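Contents: one structure, followed by commentary.
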Amino acid sequence: MSSDEHSLLIADESGVRTITLNRPEVLNAFNDAMLAALSKAVREADKDKSVRCLLITGAGRAFSSGQDLADMRERYASDAPIELGGHLRKYYNPIVAKLRSMEKPVLAGVNGVAAGAGCSLALACDMRMAAESASFIEAFVNVGLVPDSGSTFMLPRLVGVARAMEMAFTGRKVKSDEALRMGLVNRVVPDDELASSAMQLAAKLASLPTQAIGLTKRAMNAAWNADLVDQLDYEAMLQTTAGQSHDHREGVVAFLEKRPPVFKGE
Ligand code: LHQ
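Using numbering that gives the first Met the number 0, read the sequence shown as starting at 0 and increasing by one per residue.
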């Protein structure tokens, strides 16, 4: 395991790159150094062909408490106007955009509270596995802000507009059992099993036809802005690409030979 700026831990195993947010003393709140490191780590995971699944989790008892508010203390010490949009454009937005566009599966292992931009980060992943003690807080309203880092995009798509509005307006804590019921997470596991269960699922995902999964993600992303006829045509185009992959041929041949397929991800 290597450390990147100490605020992230990065490890590779079985085609899975695990990024662990590592500022447990502040519940993995994001300061500028950590955001820069996360942005770099996400870009590298995207580029590295040996990485066939990205797993994001947190050290200690939280996933992430969002923006480090203490890190912004100076901005609030004077009456000068506060400009937050630039901070989002510089740090958070490229991370979220890359997680949504990278053509490999991204899993969040939500080990504790995910608040504010920490909640947004979990929502930007393709799937979420949560520990029983995990919770989700759209905490922005508690500090007079709008949900950012993609929360207004992802949350209503995951849980429906009414539930998303309620979470965003009230900033209330949604515990893991409710998160599971509302479709915010895929699975809830006992706290002491999260690390192993998330790794097991990530390794399974990494062993699958990565190119087909990447194209599936591209298709689902495109479907958010498409009509059915356009989407049918887009699926046909992507299927032409998938149909020419090694893993498609391997999948069919393995089926016919009555043996398990060995996918290479290409
Ligand atoms: C923290 C934080 C934190 C610093 C806990 N910062 N220290 C905003 C602004 C600008 C541009 C970009 O976009 C954003 C997006 C956002 O993310 S806005 C939302 C920011 N996050 C929050 O408002 C959440 C603040 N934290 C909390 O509400 C609570 O800490 C939660 C509910 C997450 C957890 O509560 P507890 O389990 O009771 O833990 P705690 O409050 O005792 O926190 C433990 C320590 O972590 C504590 O430090 P201390 O020295 O007293 O032990 C906190 O001060 C520190 N911490 N969150 N965001």
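Using N, Cα and C, we set each Cβ at its ideal position, and we do this for glycine too. None of the values given here were measured: they were computed from a predicted structure.
Using three-state DSSP, classify residue i as helix, strand or coil.
i	result
residue 261	coil
residue 60	coil
residue 256	coil
residue 306	Nothing in the structure corresponds to residue 306, since the chain is present only between 0 and 265.
residue 85	helix
residue 130	strand
residue 20	strand
residue 7	strand
residue 184	coil
residue 15	strand
residue 2	Its pLDDT being 43, under 50, residue 2 is placed unreliably by the model, and the measurement read from it follows with that caveat. Residue 2 falls in the strand class under three-state DSSP.
residue 45	helix
What distance in whole Å lies between the Cβ atoms of residue j and residue i, which are believed to be in contact at a cut-off of 8 Å?
i	j	result
residue 117	residue 27	7 Å
residue 29	residue 59	At roughly 15 Å, the Cβ-Cβ gap does not stay under 8 Å, so residue 29 and residue 59 are not in contact.
residue 196	residue 128	6 Å
residue 101	residue 45	4 Å
residue 242	residue 208	So it is not a contact: roughly 12 Å between Cβ atoms.
residue 170	residue 137	6 Å
residue 154	residue 166	7 Å
residue 168	residue 206	Not quite, the Cβ-Cβ distance comes to about 42 Å (not below 8 Å), so this is no contact.
residue 81	residue 74	5 Å
Hey, would you say residue i sits closer than 9 Å to residue j, going by beta carbons?
i	j	result
residue 105	residue 133	no
residue 61	residue 110	yes
residue 52	residue 14	yes
residue 149	residue 184	no
residue 123	residue 99	yes
residue 135	residue 79	no
residue 8	residue 198	no
residue 140	residue 69	no
residue 258	residue 237	no
residue 130	residue 41	no
residue 147	residue 87	yes
residue 89	residue 50	no
residue 221	residue 210	no
residue 200	residue 212	no
residue 97	residue 264	no
residue 270	residue 36	Since the first residue shown for the chain is 0 and the last is 265, residue 270 is missing from the structure and cannot be characterised.
residue 57	residue 19	yes
residue 114	residue 175	no
residue 151	residue 161	no
_Sequence ranges, beta strand (DSSP E) only - wholly within the stretch 133 to 176, length at least 3_ = 134 to 136, 172 to 174
*Who's in the neighbourhood of ligand 1, going by beta-carbon under 6 Å from any heavy atom, listed in chain order?*
25, 26, 28, 64, 65, 66, 67, 68, 69, 83, 86, 87, 112, 114, 115, 116, 136, 138, 139, 141, 142, 144, 147
*asked:* My parser needs the beta strand (DSSP E) runs of 3 or more residues fully inside the stretch 66 to 119; what are they?
replied: 105 to 109, 112 to 114
*What beta strand (DSSP E) runs, 3 residues minimum, are completely inside the stretch 173 to 251?*
Within the stretch 173 to 251, the complete beta strand (DSSP E) runs of at least 3 residues are 186 to 188.
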